[in-house]
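Numbering (mature numbering (1 follows the signal peptide of the UniProt record, and there is no 0)), first residue to last: -31 to -1, 1 to 269.
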């Protein structure tokens, strides 16, 4: 399956506006057939829980995260792992309150039945103290791990209040990628988008293009991120970027209104625009399948 076929498939599925999306990754099937270690698996992505937020537009602000945990725990088959792509907590100027919110968040998600859970900060967690409190609870803000033939890279584009990855981390990324073959299967997690989705609303990473440039020589790269509180699917060349819904409130489509204000709560459709997603890696079929799970269907 060539890149143009992948692009058309991605655009067709994304345009449906439905529940399941897939983006073809050229070379996955060929690499698997050539003997690369690869197995089907799936993981769960949660993002932007903003624990500590109170008030409109979510009257269940203290219940939504717990419902998300219940939703994941109710899955018939548990995922291989879970990843939280940032903004675990809502920002606060009080260091003690920041520490307390992180502690409460960690306690709530400890109820997850999945043993392996990966975390990364959002700007609400880390921008005011360069990630100091976050690291006390969850460790490094950027790192890598490998799972069933896939190399995962967690980037930190939030600890720097200027919304940059930074030269030191970019050098670390370059060194990590240099040791991988061109057909390596790579998944990148970031909080902010790595491309300029809508910089006027802080929906960009100032040096994100440098990270994308480093990733470009690799044929099989997919990026998952949060921050914008809605689904968005974008291609930079052959690299697919998928954003996740929030667990606290949805935000408007980029540039669709003058200000980046949360969408109002709809009593007729509670939890609309919020959700959890599962991502199934199927290297022999050369695709990722993404399923969005609504919040509120499972009571905590």
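C-beta: ideal position from N, C-alpha, C; glycine also.
Between residue i and the rest of its own chain, which residues show a CB-CB distance below 6 angstroms, the 5 nearest in sequence each way excluded?
{"i": "residue 60", "result": "93"}
{"i": "residue 91", "result": "55, 56, 127, 160"}
{"i": "residue 74", "result": "20, 57, 58"}
{"i": "residue 99", "result": "128"}
Helix, strand or coil: how does DSSP classify residue i here?
{"i": "residue -23", "result": "Residue confidence is low: residue -23 scores 35 on pLDDT, short of 50, so the model does not pin down where it sits. Its coordinate-derived value is still stated next. It is helical."}
{"i": "residue 93", "result": "helix"}
{"i": "residue 73", "result": "helix"}
{"i": "residue 23", "result": "coil"}
{"i": "residue 170", "result": "helix"}
{"i": "residue 261", "result": "strand"}
{"i": "residue 254", "result": "Low per-residue confidence applies at residue 254: pLDDT is 48, beneath 50, and the placement is therefore not dependable, though the value from the model is reported in the following sentence. Note: residue 254 maps to helix in three-state DSSP."}
{"i": "residue 12", "result": "strand"}
{"i": "residue 53", "result": "strand"}
{"i": "residue 249", "result": "strand"}
{"i": "residue 85", "result": "coil"}
{"i": "residue 115", "result": "strand"}
My guess is that residue i and residue j are in contact by the Cβ rule of under 8 angstroms, so how many angstroms apart are they, rounded?
{"i": "residue 111", "j": "residue 97", "result": "Residue 111 to residue 97, Cβ: 18 angstroms. No contact."}
{"i": "residue 223", "j": "residue 232", "result": "Actually they are not in contact, since the Cβ atoms of residue 223 and residue 232 sit about 13 angstroms apart, beyond 8 angstroms."}
{"i": "residue 101", "j": "residue 71", "result": "No, residue 101 and residue 71 are not in contact; Cβ-Cβ is about 11 angstroms, not under 8 angstroms."}
{"i": "residue 248", "j": "residue 262", "result": "Incorrect: roughly 11 angstroms between the Cβ atoms, too far for contact."}
{"i": "residue 234", "j": "residue 197", "result": "With 8 angstroms as the limit, residue 234 and residue 197 do not qualify as a contact, their Cβ atoms being about 19 angstroms apart."}
{"i": "residue 176", "j": "residue 139", "result": "7 angstroms"}
Note down, in chain order, each residue of its chain lying with its Cβ closer than 7 angstroms to the Cβ of residue i, except the 5 sequence neighbours on either side.
{"i": "residue 47", "result": "82, 83"}
Going along the chain, which residues of its own chain have a beta-carbon closer than 8 angstroms to the beta-carbon of residue i, five neighbours each way excluded?
{"i": "residue 38", "result": "77, 78, 80, 81, 269"}
{"i": "residue 241", "result": "219, 235"}
{"i": "residue 276", "result": "Nothing can be reported for residue 276: it is not among the residues displayed for the chain, which extend from -31 to 269."}
Distance cutoff 9 angstroms, beta carbons only. Does residue i sit that close to anything in chain B?
{"i": "residue 134", "result": "The chain inventory of the structure shown lacks chain B, comprising one protein chain alone."}
>> Using a Cβ distance threshold of 8 angstroms, determine whether the stretch 49 to 56 contacts the stretch 151 to 164, with at least three qualifying pairs required.
In response: They touch, by the three-pair rule.
> Contact between the stretch 28 to 44 and the stretch 206 to 221: three or more CB pairs below 8 angstroms?
Replying inline: Enough Cβ pairs lie closer than 8 angstroms, so yes.
>> Counting beta carbon pairs with one atom in the stretch 77 to 87 and one in the stretch 185 to 202, are three or more of them shorter than 8 angstroms?
In response: Output reads no: the stretch 77 to 87 does not touch the stretch 185 to 202.
> In chain order, which beta strand (DSSP E) runs of at least 3 residues are fully inside the stretch 194 to 234?
Replying inline: Uninterrupted beta strand (DSSP E) stretches at least 3 residues long and entirely within the stretch 194 to 234 occur at 201 to 205, 208 to 212, given in chain order.
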